[in-house]
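Data block below; observations after.
2 protein chains.
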Amino acid sequence: MIRVGILGYGNLGRGIEAAITQNPDMELRGVFTRRDPASVTIRTAGVPVLHADRLPEMTEEIDVLVLCGGSATDLPQQTPDYAKYFHVVDSFDTHARIPEHFAKVDAAAKEGKKTAVISVGWDPGMFSLNRLYANAILPEGKDYTFWGKGVSQGHSDAIRRIEGVKNAKQYTIPVESALESVRNGENPTLTTRQKHTRECFVVPQEGADLARIESEIKNMPNYFSDYDTTVHFITEEELERDHSGIPHGGFVLRSGATGMNREHKHLIEYRLKLDSNPEFTAAVITAYVRAAYRMGQEGMTGCKTVFDIPPAYLCRQSGEELRKNLL
Amino acid sequence: MIRVGILGYGNLGRGIEAAITQNPDMELRGVFTRRDPASVTIRTAGVPVLHADRLPEMTEEIDVLVLCGGSATDLPQQTPDYAKYFHVVDSFDTHARIPEHFAKVDAAAKEGKKTAVISVGWDPGMFSLNRLYANAILPEGKDYTFWGKGVSQGHSDAIRRIEGVKNAKQYTIPVESALESVRNGENPTLTTRQKHTRECFVVPQEGADLARIESEIKNMPNYFSDYDTTVHFITEEELERDHSGIPHGGFVLRSGATGMNREHKHLIEYRLKLDSNPEFTAAVITAYVRAAYRMGQEGMTGCKTVFDIPPAYLCRQSGEELRKNLL
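Going line by line, the protein sequences match chains A and B. Numbering follows the numbering used here, in which position 194 of the first sequence is assigned residue number 194; successive positions increment by one, without gaps. Numbering follows the numbering used here, in which position 111 of the second sequence is assigned residue number 1111; successive positions increment by one, without gaps.
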């Protein structure tokens, strides 16, 4: 059994807890929090909730610690800190800071002779893997990534900061005609506006100026002004009823050519359609918990990404079973 | 530079030759054939065509040998034979015999301290990888594979064996409504007939009984009787003009659920749309030539499949570049 710990019990931590119930070779041994542990109720019977400060004394109890904090301030600190004590997996997704994060985590994991896997999830994660495979296969070609249909937390938050807005949810939606053009091998050059539209469901405060809110949203730089944006005003009840989920997904495509004269076109497409963004991210992370554990057992220590991990390490089955059933 | 040899100069061997021109860290050092080398003209200037018998004396000239023979009789012999002398990659695709092939190649490669990668291409190959990743992420779910639209060589050959048929080409086509049902998370149980249709373009001999030919095709056991089949009679010129390509492709999907009560559905879809089946297969193999070479350099000898190979080994770029550009 792989003994797993979770640090941070938000949406992602809850997703890890659920994913462990689908992996019979893993058991949850503890949920760790920086809040008062008595204030956190988890759903797995018999598993303790402990303060994060207790972690350094748990090295005999836990094989792999999953770090479920945010990329802005939590993970840059936590992943290097805990990679000295445990095999760890995180979902660090601040792209520009990955080299720096990798270097720190690598040093810590090597010091502790542990295996650390960073930036796991679907983007970065499965989308990255698909970009890599497709680029390796078709060295001459063009990459496209579309996101959605899905909820963007950042854009929803930006709307909620507008005066007169009580609540809001924003969906990023890929433009179907752009997708089709890529699929048809037309290798289009697409502007921001041509790739995605944005749809906003906004609950206004009583008496708020709806025209002003709509205009502020549509003209917000970076977030909305480069997109075709639709704004719907709805009630809090409608928001709760129709928009309480956290769906997401997207498409990674590579269009390329082969042949002595590049006369044959090919399209590689990877698509995700997810009812729950955090639960799917957690499902990916949980598969990499197994990989971190195994690589650790084999002494492959230091920092790894999805690019470095043999796919078979993600699976419970033996090499023999995998070749028989999935090859 | 990775020095590559090709054994067998059919469609696949020609595809490898073309793919090498897209990979600047590789050079073609020889094409080997069991035919009279003087009868084989290749398209790369300055590269010798030699008899296959010369291979054992070429161990200092070639790093990786790509075996481009058939799975029925060539590869079961050739891959173990040559894995003693070179790092090798093959596209062995007789599913039921993979365990046996793996064992023989593994023994030979270990004896020669070489790295052998078997069953590379898109199915087995990229489709297998996608099945594995999707199963690891969503342990509870259902797999679907659809092939096409594409030319089935086996089915085309079967039609050509019918009396009165001069030439023929058969396309396997996925049923769009079945695909949509899977994408909608309906988890359908699909019969053979519900998954694919078959479309045949047949050039009859002069005066042949068309009704009999059509009936023989549609009622042919295993090949056609379980499918909805359409038969078009056309001229040799039309066949040449409209059906001379070797397109193929398909879809690998996994539909699964997460959450404490499996309340959230997810769909993972991987799609290939290929103008040239052999050239795309060759492009995949060529990426794995690099992996075989690198693993060989690092002493990771024996038989491997796509499941065993860290994705980064397929790429020319360093780990640092990959993390920066593709993660």
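Quick reminder that beta carbons are idealized off the backbone N, C-alpha and C, glycines included.
- For Asn1277 of chain B, the uninterrupted alpha helix (DSSP H) run begins and ends at 1277-1297, by DSSP.
- The distance from the Cβ of Ala1168 of chain B to that of Cys1200 of chain B is about 6 Å, consistent with a contact at the 8 Å cut-off.
- For Ile1173 of chain B, none of the residues of chain A pass the 7 Å Cβ criterion, the least Cβ distance being about 17 Å.
- Residue state for Phe1127 of chain B is assigned as helix, using DSSP reduced to three classes.
- Take Gly148 of chain A, set aside five residues on each side of it, and the residues of its chain with a beta-carbon closer than 8 Å to its own are Tyr171, Thr172, Ile173, Pro174, His196, His248, Gly249, Gly250, in chain order.
- Judged by DSSP secondary structure, Gly1245 of chain B falls outside any alpha helix (DSSP H); it is assigned neither H nor E.
- The Cβ of Gln1153 of chain B sits no closer than 7 Å to any Cβ of chain A.
- Rounded to whole angstroms, the Cβ separation of Met1058 of chain B and Glu1027 of chain B is 14 Å, and the two are not in contact under 8 Å.
- Here Arg1097 of chain B carries a helix assignment [DSSP, helix/strand/coil].
- For Arg43 of chain A, the residues of chain B that pass the 8 Å Cβ criterion are Met1260, in the order they occur in the chain.
- Each of A:Asp143, A:Ala116, A:Val64 was checked against the Cα of Ser255 of chain A, and the nearest Cα belongs to A:Asp143.
- Within the region 197-247 of chain A, the complete beta strand (DSSP E) segments at least 3 residues long are 228-233, listed from N- to C-terminus.
- Along the region 1261-1280 of chain B, going in chain order, the ones with a CB nearer than 7 Å to a CB of chain A are His1264, Lys1265, His1266, Leu1267, Ile1268, Glu1269, Tyr1270, Arg1271, Leu1272, Lys1273, Leu1274, Asp1275, Ser1276, Glu1279, Phe1280.
- With a minimum length of 3 residues, the unbroken runs of beta strand (DSSP E) contained wholly in the region 1023-1056 of chain B fall at 1026-1033, 1049-1051.
- In the DSSP assignment, Gly15 of chain A falls within the alpha helix (DSSP H) that extends over 11-20.
- Between Arg29 of chain A and Ile6 of chain A, the gap from beta carbon to beta carbon reaches 7 Å or more.
- Contact of Arg1294 of chain B with chain A is not assigned, every C-beta pair being separated by 7 Å or more.
- For the region 131-187 of chain A, the full-length alpha helix (DSSP H) segments reaching 4 residues or more read 153-160, 176-183 along the chain.
- If you compare the alpha carbons of A:Ser181, A:Ala292, A:Glu321, A:Glu298 with that of Ser119 of chain A, the shortest gap goes to A:Ala292.
- Within 8 Å of the CB of Phe1102 of chain B, the CB atoms of chain A belong to Arg323, in sequence order along the chain.
- Three or more Cβ pairs closer than 8 Å define a contact, and the region 1104-1115 of chain B meets that threshold against the region 1297-1306 of chain B.
- Rounded to whole angstroms, Gln205 of chain A and Lys166 of chain A show a C-alpha spacing of 5 Å.
- Taking every protein chain shown into account, the CB of Asn277 of chain A has 16 or more other CB atoms within 10 angstroms, so this residue is buried.
- Here Ala134 of chain A is actually not in contact with Ala109 of chain A; their C-beta atoms are around 29 Å apart, not less than 8 Å.
- A Cβ of chain A is located within less than 7 Å of the beta carbon of Ala1287 of chain B.
- Under the DSSP assignment, Tyr1082 of chain B falls in the alpha helix (DSSP H) whose first and last residues are 1074-1082.
- Within the region 1133-1160 of chain B, the residues whose Cβ lies closer than 8 Å to some Cβ of chain A are Tyr1133, Asn1135, Ala1136, Ile1137, Leu1138, Pro1139, Glu1140, listed in chain order.
- Under the Cβ criterion of 7 Å, Ala1108 of chain B is not counted among the residues facing chain A.
- Listed along chain A is no residue with a C-beta nearer than 8 Å to that of Glu1186 of chain B; the closest approach is about 13 Å.
- Put simply, the CB of Cys1068 of chain B is far from chain A, with every gap to its CB atoms at 7 Å or more.
- For Val1284 of chain B, the nearest CB of chain A lies under 7 Å from its own CB, placing it at the interface with that chain.
- Comparing C-alpha distances from Val64 of chain A to each of A:Asn325, A:Lys324, A:Arg323, A:Arg290 shows the shortest one belongs to A:Arg290.
- Distance from the CA atom of Val1284 of chain B to the CA atom of Pro124 of chain A, rounded to whole angstroms, is 23 Å.
- At a cut-off of 7 Å between C-beta atoms, Cys1200 of chain B does not count as an interface residue with respect to chain A.
- In the structure shown, the three-state DSSP call for Glu269 of chain A is strand.
- Here the C-alpha atom of Arg198 of chain A lies approximately 29 Å from the C-alpha atom of Arg1323 of chain B.
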